[in-house]
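Undergrad: Below is the structure I would like to discuss, written out as structure tokens.
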Amino acid sequence: AARSPDDLRCPVTVIMGHVDTGKTKLLDKIRKTNVQEGEAGGITQQIGATYFEKKTLETQTAKLNATEAFDIKIPGMLVIDTPGHESFANLRSRGSSLCDVAILVIDMMHGLEPQTIESLNMLREKKVPFVVALNKIDRCYAWKTCKDTPIRDALKEQEEGTISEFRSRSADTKLQLAELGVNSNLYWEMGDDDWCNSDFIPLVPTSAITGEGVQDVLMLLCQMSQRKIWKKLMWCANLEATVLEVKAIDGLGMTVDVLVVNGHLREGDKAVFCTLNGPIVTEIRGLLTPPPSREMRVKSEYIHHKEVKGALGVKVIGNNLDKVMAGTPVMIVGPNDEEEDIKAEVMSDLTNLEAKLSTDKVGVLVQASTLGALEALLQFLRVDTQPPIPVSAIGIGTIHKRDVTKISTMNEKGRPEYATILAFDVDIEKDAREHAVDMGVRIMTADIIYHLFDQFTRFMDELTA
Ligand code: GDP
Ligand code: MG
Numbered sequence: 048a049a050r051s052p053d054d055l056r057c058p059v060t061v062i063m064g065h066v067d068t069g070k071t072k073l074l075d076k077i078r079k080t081n082v083q084e085g086e087a088g089g090i091t092q093q094i095g096a097t098y099f100e101k102k103t104l105e106t107q108t109a110k111l112n113a114t115e116a117f118d119i120k121i122p123g124m125l126v127i128d129t130p131g132h133e134s135f136a137n138l139r140s141r142g143s144s145l146c147d148v149a150i151l152v153i154d155m156m157h158g159l160e161p162q163t164i165e166s167l168n169m170l171r172e173k174k175v176p177f178v179v180a181l182n183k184i185d186r187c188y189a190w191k192t193c194k195d196t197p198i199r200d201a202l203k204e205q206e207e208g209t210i211s212e213f214r215s216r217s218a219d220t221k222l223q224l225a226e227l228g229v230n231s232n233l234y235w236e237m238g239d240d241d242w243c244n245s246d247f248i249p250l251v252p253t254s255a256i257t258g259e260g261v262q263d264v265l266m267l268l269c270q271m272s273q274r275k276i277w278k279k280l281m282w283c284a285n286l287e288a289t290v291l292e293v294k295a296i297d298g299l300g301m302t303v304d305v306l307v308v309n310g311h312l313r314e315g316d317k318a319v320f321c322t323l324n325g326p327i328v329t330e331i332r333g334l335l336t337p338p339p340s341r342e343m344r345v346k347s348e349y350i351h352h353k354e355v356k357g358a359l360g361v362k363v364i365g366n367n368l369d370k371v372m373a374g375t376p377v378m379i380v381g382p383n384d385e386e387e388d389i390k391a392e393v394m395s396d397l398t399n400l401e402a403k404l405s406t407d408k409v410g411v412l413v414q415a416s417t418l419g420a421l422e423a424l425l426q427f428l429r430v431d432t433q434p435p436i437p438v439s440a441i442g443i444g445t446i447h448k449r450d451v452t453k454i455s456t457m458n459e460k461g462r463p464e465y466a467t468i469l470a471f472d473v474d475i476e477k478d479a480r481e482h483a484v485d486m487g488v489r490i491m492t493a494d495i496i497y498h499l500f501d502q503f504t505r506f507m508d509e510l511t512a
């Protein structure tokens, strides 16, 4: 079917920013939930997806719409929360490459922080339009709470002293952004719709606790979607879908959380997934989503679907899903498709990566949490490391005993220094650790790529000293 400006899909919105700026809290405010307080240590550890219906967007922006009259034409919004901790750069990178629009959250009291800058660079690199939420405005001196109120109405209620702190803090952030080459302004101080038609970034003061400004953020995201990137959002029947996560669920076995950006997934579809051992073809046995305004990560009553339409986050049930890799595409074998072609396409990213491994099969084993992280690591070890560290094998996910056995062969090959596993952001099974000791295999772990490199070069230096 032809694509039409009257048939837009939901924009995929990602929330990015430094840890503790209030990303999860902001999403909780829109959802009217409290996921943040239920998180381990209050820190987001994974990507989470929440779907908002159009009517939720309408009620959540009603006060602002009363004075600013705008029409919401998008059918809803899919919001993705990302972890802010520095070790989760791979998840943030995945989030930013999947999204259509973004919210960059800055803590007004702190200004720009390291992961704010990292997120900003990712969004700029991928040319994603975004809104900056200047969060925690309620921390300004003597702030008077105006619960869930549009920001300009809330500012009108404040005393001179509060306004002057707000002015000076937002000017500071604006200056810090300008130093990075980003032009920004409080959104209502920009020309009528400058934030839509120029590269100026709109700033919106918010409180994720008391709700001031949250309406404004949602309105800007809707307007940006409809006026700036509507061409990209015209719904299209071609499936575009990515694996976010693979996990076991009680009673369902291994399931795959998939972000469907475009097209359909249907029960009974013949789906092709990418694993390290090659493609797997499996029938989709079930499609589950949380209820609207609820997050996929949170245990809730799942809704069963016969068919889902992008953009949506969905949990796929099927056989043989346990080795599927996060960050890889999902494809469907249609009536006119050659299964072999689809398999090759699903595997192409991994195939390209394997082509870069050491050709004489001598080198370390690199294990990472996702394909994207693995790509980044290999790039680093091959190109940015002098001398390059040779890699003979790669793996995704938890390190098992068999991985240790595999790399222990380097000892027999007379290259004990390469009987090493460089593990990035993955778990190690207990018996794999024990086996490593027995087999003379070193496992080096780190959450930051260059720490792995440091450990390995230090080890090499000691060896040759
Ligand atoms: P994240 O790491 O960016 O997801 O941040 P969280 O949502 O986990 O919030 C971090 C901390 O800041 C929590 O203790 C929140 O209660 C607090 N917080 C978040 N937003 C606000 C806000 O707008 N005002 C105030 N006063 N505190 C906030
Ligand atoms: Mg969080």
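If you read the sequence shown in this note's numbering, its first letter stands for residue 48, the second for the next number, and so on. Where is the CB? At the ideal position from N, CA and C, for every residue including glycine.
1) What residue range is occupied by the uninterrupted beta strand (DSSP E) comprising Asp128?
2) Would Pro197 and Leu111 qualify as a contact pair, given that the criterion is a beta-carbon distance under 8 Å?
3) Over what stretch of residues does the beta strand (DSSP E) that includes Met63 continue unbroken?
4) Please report the straight-line C-alpha distance between Leu299 and Ile350, rounded to a whole angstrom.
5) Hey, is Gly260 close to the ligand GDP, as in C-beta under 7 Å from one of its heavy atoms?
6) For Tyr364, count the other beta carbons within 10 Å of its own beta carbon; 16 or more makes it buried, fewer makes it exposed. Which is it?
7) Taking Leu250 and Val361 to be in contact with their CB atoms under 8 Å, please state how far apart those CB atoms are, rounded to whole angstroms.
8) Terminal residues of the continuous alpha helix (DSSP H) containing Thr489?
9) For Asp154 versus Gly69, is the C-beta spacing smaller than 8 Å?
10) For Met281, which residues in the same chain have their Cβ closer than 8 Å to its Cβ, ignoring the five residues on either side in sequence?
11) Do Ala415 and Ile446 have their CB atoms nearer than 8 Å?
12) In the DSSP assignment, find the unbroken beta strand (DSSP E) run with Gly325 in it and report its ends.
13) The ligand GDP and Ser186: does the residue's C-beta get closer than 7 Å to at least one heavy atom of that ligand?
14) Nearest CA to the CA of Glu354: which residue from Glu386, His311, Gly381, Arg341?
15) Any heavy atom of the ligand GDP inside 7 Å of the beta-carbon of Lys191?
16) Going by DSSP in three states, Asn309 sits in which element: helix, strand or coil?
17) Distance, Cα to Cα, Cys269 vs Ala113?
18) Comparing the CB of Arg436 with every heavy atom of the ligand GDP, is any distance shorter than 7 Å?
19) Should Gly208 be labelled buried (16 or more other beta-carbon atoms within 10 Å of its own) or exposed?
20) With H, G and I counted as helix, E and B as strand and the rest as coil, what does DSSP make of Gly208?
21) Could you give the DSSP three-state label for Met507: helix, strand or coil?
22) Counting along the chain, where does the alpha helix (DSSP H) carrying Glu292 start and finish?
23) The alpha helix (DSSP H) with Asp450 in it runs from where to where?
24) Can you give, in chain order, each stretch of the alpha helix (DSSP H) that sits fully within the region 189-256 and has at least 4 residues?
25) Roughly how many angstroms lie between the CA atoms of Asp407 and Tyr465, to the nearest whole one?
26) Among all the DSSP beta bridges, which residues are the ones paired with Asn182?
TA: Taking the geometry as given:
1) 123-128
2) The Cβ-Cβ distance between Pro197 and Leu111 falls below 8 Å.
3) 59-64
4) 14 Å
5) no
6) A small correction: the amino acid at residue 364 is Ile; Tyr does not occupy that position in the sequence shown. Taking all protein chains in view, the Cβ of Ile364 is crowded by 16 or more other Cβ atoms within 10 Å, so the residue is classified as buried.
7) 34 Å between Cβ atoms; not a contact.
8) In the sequence as displayed, the identity of residue 489 is Arg instead of Thr. Unbroken run through Arg489 is the beta strand (DSSP E), 489-493; no alpha helix (DSSP H).
9) yes
10) Arg50, Ser51, Pro52, Asp54, Leu55, Arg56
11) no
12) 325-330
13) Note on identity: in this sequence residue 186 is Arg, with Ser being the wrong assignment. Indeed, a heavy atom of the ligand GDP lies less than 7 Å from the Cβ.
14) His311
15) Not one heavy atom of the ligand GDP lies closer than 7 Å to the C-beta of Lys191.
16) strand
17) 16 Å
18) It is Ile, not Arg, that sits at residue 436 in the sequence shown. Checking every heavy atom of the ligand GDP against the Cβ of Ile436, none is found closer than 7 Å.
19) exposed
20) DSSP places Gly208 in helix when its eight states are reduced to three.
21) helix
22) Run containing Glu292: none in the alpha helix (DSSP H); it sits in the beta strand (DSSP E), 287-296.
23) 448-459
24) 198-203, 207-226, 241-244
25) 13 Å
26) Asp154
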